[in-house]
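Have a look at the structure below, then the notes.
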Amino acid sequence: MGKLRAQALSALAAIALTGCTATVSGVAVTPPDLTDSHGVVVELLEIGNYKARPSPTLGAAGPGGGQFEGIRMAAYVAGPWQVDETLRRQNDFNIWATMPFPDPESVGFAMYPGVTELKARIAASITEHGFIAGFSTARSVLGSDGVAKTLTNMVLRFPDADAAAAAAHEMAAIGASAAGAPERPVAIDHHPEAIASIHYDDGDAKVESFAPHGPYMLYQYAFTAKADDQDPSGRALQLIAKTLDLQVPLIDRFVPTDPSKLAALPKDPTGLMSRVLSGDGDQEPGRAMGVWGPDTWLHFAFDPIETAHLLDMAGVDRVAQRLTTIYQARDTAGATLVADQISAGMTKFPSVKPIPGVPGFPIARCFNRTKGFATNEGGPSVQRLYPRYTCVARVDRYAFTSFSNHEVDAKQQLSAQYLILAGK
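With mature numbering (1 follows the signal peptide of the UniProt record, and there is no 0) applied, the sequence shown covers -22 to -1, 1 to 402.
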């Protein structure tokens, strides 16, 4: 591509120079059309070390089948915004608690990210009881002095009802030891099966609930701040009761995979994942990685309610996440709508500014978050939602985005993703 790029640059330079020279008699020369059918000058695209070709077929899940079963479960796990539509934002804690679980250790981390001993005890407990798969989702809302409300909803699958019940009781006992203040048991309306407790921290209410339901263990954590609610304990209990009201019938609709067949679950059931740009493992936002339906992607969207409306309007049937994010819309018009709305959404934030786009890619748009962006320490799953640099573009029925802490890198990712989708 280097030689052709040089030729393209020379041609563009020549075109520019002819506009500055004196008039010369003779036959006019039509400059070469360097753009492809999408208006992109391919030879000007810089992709760095990224590979601008689809990945090999990803095949079956193998030993990681539980994680892909967790992806399947996501459609049957109620989002916090469905319980309370103000619960739409994700802080670091919420991002860490939103994922399909690849192993028991990740369950402990989602529940108690800052307490090493408790994470290990949870992992050991669910392993002993035959943990198979699970999915967790979490959201918050800001109040007058930090977080006003938080809700985590988690569904874990075990071999049978006895194992799920034993896990619920044991996990509840472990959770009780995590409290920084005395706990007391509480009842959850309509759900006598729930093993719940509450404790207070300077008046703020924190409630945990562990409810066995068939082969599933349904876990909720609710936090409500005294500064933003005259009845924080009542509000937290209401959040958990409503979550269980939604979650119980929802998980009953899930058709679980036989444990003996988990290894055969496909990593890329639609073939879209192989067309998403990949990077080094520590670059990719692992918690969101996968191919998602329009409903399950909402667990990872910046604003699930606004995103649900957009995906419906655009006819998006799949969202795939690796290093970049691809939205597969019904047609070009749908992809255009997604790209336009994502770009418009970026400019709503005072700290986000448009920056020059990608050379040779006129419809690409890029942005710089000047403050409030996630650092490298936050990891790529946090950076994806709060990136320093992000770029947006579309081709055919696909809209796609890139993110990075480095401007050049974000643009190289977008260029490489275009080349993959356009088949260049």
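Note that CB positions come from ideal geometry on N, CA and C, so glycine has one too.
Separation of residue j from residue i, as counted between CA atoms
{"i": "F79", "j": "Q45", "result": "5 angstroms"}
{"i": "L315", "j": "A292", "result": "6 angstroms"}
{"i": "V2", "j": "Q391", "result": "Reliability of the predicted coordinates at V2 is poor, the pLDDT of 42 falling under 50, and the value obtained from them is presented with this limitation in mind. Straight-line Cα distance between these residues: approximately 43 angstroms."}
{"i": "L289", "j": "E161", "result": "43 angstroms"}
{"i": "G48", "j": "R117", "result": "19 angstroms"}
{"i": "V61", "j": "H277", "result": "13 angstroms"}
{"i": "H177", "j": "K184", "result": "6 angstroms"}
{"i": "A141", "j": "A352", "result": "40 angstroms"}
{"i": "A377", "j": "H287", "result": "16 angstroms"}
{"i": "F201", "j": "W270", "result": "29 angstroms"}
{"i": "L397", "j": "T35", "result": "18 angstroms"}
{"i": "D179", "j": "A102", "result": "28 angstroms"}
{"i": "Q361", "j": "Y305", "result": "19 angstroms"}
{"i": "T285", "j": "G43", "result": "29 angstroms"}
{"i": "Q319", "j": "V373", "result": "15 angstroms"}
{"i": "M324", "j": "K331", "result": "8 angstroms"}
{"i": "V125", "j": "Y28", "result": "39 angstroms"}
{"i": "M267", "j": "S359", "result": "9 angstroms"}
{"i": "S393", "j": "P244", "result": "28 angstroms"}
{"i": "G26", "j": "E385", "result": "12 angstroms"}
{"i": "P32", "j": "V294", "result": "21 angstroms"}
{"i": "F109", "j": "P340", "result": "50 angstroms"}
{"i": "P41", "j": "G181", "result": "45 angstroms"}
{"i": "L217", "j": "K326", "result": "30 angstroms"}
Selection from the options that minimises the alpha carbon distance to residue i
{"i": "T221", "options": "M132, D138 and L243", "result": "M132"}
{"i": "G350", "options": "G121, P365 and G338", "result": "P365"}
{"i": "H16", "options": "Q390, L276 and R375", "result": "R375"}
{"i": "D206", "options": "N27, P41, V119 and E284", "result": "V119"}
{"i": "E186", "options": "Y194, A146 and T353", "result": "A146"}
{"i": "V370", "options": "S380, R362, L363 and G357", "result": "S380"}
{"i": "M195", "options": "K127, V254 and I229", "result": "I229"}
{"i": "A400", "options": "V386, A30 and G26", "result": "A30"}
{"i": "R99", "options": "M324, P263, A298 and A154", "result": "A154"}
{"i": "M77", "options": "Y396, W275 and K402", "result": "W275"}
{"i": "G347", "options": "L240, K402 and S321", "result": "The sequence shown places Arg at residue 347, rather than the Gly named in the question. Cα-wise, what sits closest to R347 is S321."}
{"i": "V55", "options": "A102, H107 and A111", "result": "A111"}
{"i": "A38", "options": "V330, E63 and A242", "result": "A242"}
{"i": "A53", "options": "Q225, P137 and A172", "result": "Q225"}
{"i": "L22", "options": "G338, S238 and P244", "result": "G338"}
{"i": "Y199", "options": "D273, G181 and A174", "result": "A174"}
{"i": "I152", "options": "P137, A266, G40 and F188", "result": "F188"}
{"i": "S84", "options": "D223, G264, G268 and T325", "result": "G264"}
{"i": "Y197", "options": "K402, M149, G357 and G312", "result": "M149"}
{"i": "S261", "options": "L217, D223 and G356", "result": "The sequence given here has Gln at residue 261, not Ser. Nearest of L217, D223 and G356 to Q261, Cα basis: G356."}
One or two residues paired with residue i in a DSSP bridge
{"i": "P78", "result": "F113"}
{"i": "S187", "result": "A174 and Q198"}
{"i": "Q306", "result": "R296 and Y376"}
{"i": "A38", "result": "P244"}
{"i": "W270", "result": "V297"}
{"i": "S382", "result": "Y367"}
{"i": "P163", "result": "S175"}
{"i": "G124", "result": "G121"}
{"i": "T13", "result": "The partner list for T13 (beta bridge, DSSP) is empty, contrary to what the question assumes."}
{"i": "N346", "result": "K331 and Y367"}
{"i": "K133", "result": "The residue asked about is misnamed: residue 133 is Val in this sequence, not Lys. Answer is F113 and L196."}
Spatial neighbours of residue i in its chain, beta-carbon cut-off 6 angstroms, leaving aside the 5 residues before and after
{"i": "D14", "result": "V20"}
{"i": "A143", "result": "P190"}
{"i": "K97", "result": "G86, F87 and Y90"}
{"i": "D258", "result": "none"}
{"i": "S344", "result": "Here residue 344 turns out to be Cys, not Ser, going by the sequence shown. Closer than 6 angstroms at Cβ, skipping near neighbours: I333, G335 and C369."}
{"i": "A309", "result": "The sequence shown places Asp at residue 309, not Ala. Within the same chain, D309 has close Cβ partners R375."}
{"i": "A(-1)", "result": "At A(-1), the pLDDT of 41 sits below 50, so the modelled position is not reliable and the matter cannot be decided from this model."}
{"i": "R50", "result": "none"}
{"i": "D246", "result": "L36 and S252"}
{"i": "G192", "result": "A139"}
{"i": "S329", "result": "R347, T348, K349 and G350"}
{"i": "A172", "result": "I166, S187 and A189"}
{"i": "P137", "result": "G108"}
Close beta carbons around residue i, own chain, < 7 angstroms, minus the five adjacent residues each side
{"i": "G4", "result": "Confidence at G4 is low in this model, with a pLDDT of 44, below 50, so the placement of that residue should be treated as unreliable; the coordinate-derived value is given next. Contacts found: none."}
{"i": "L65", "result": "P58, W59, R117, S118, V119, K127 and L129"}
{"i": "N354", "result": "N383"}
{"i": "T302", "result": "V254, L255, F378, T379, S380, Q391 and Q395"}
{"i": "A219", "result": "I166, D167, H168 and H169"}
{"i": "I283", "result": "W59, E63 and R66"}
{"i": "A388", "result": "C344, Y367, T368, C369, S380, F381 and S382"}
Other residues of its chain near residue i: CB distance less than 8 angstroms, five sequence neighbours each side excluded
{"i": "P227", "result": "none"}
{"i": "Q68", "result": "T76, A116, R117, S118, F280 and L363"}
{"i": "G121", "result": "K127, A203, A205 and D206"}
Test: residue i CB closer than 7 angstroms to a CB of chain D
{"i": "Q68", "result": "Within the model displayed, chain D is absent; a lone protein chain is all it includes."}
| Does the region 73 to 88 come close enough to the region 232 to 244 that 3 or more CB-CB pairs lie under 8 angstroms? | no
| said: Would the region 199 to 219 count as touching the region 162 to 169 if we require 3 or more Cβ pairs under 8 angstroms? | reply: yes
| request: Evaluate contact between the region 241 to 252 and the region 298 to 312, counting only Cβ atoms and requiring at least three cross-stretch pairs below 8 angstroms. | output: Counting Cβ pairs under 8 angstroms, three or more are found: they touch.
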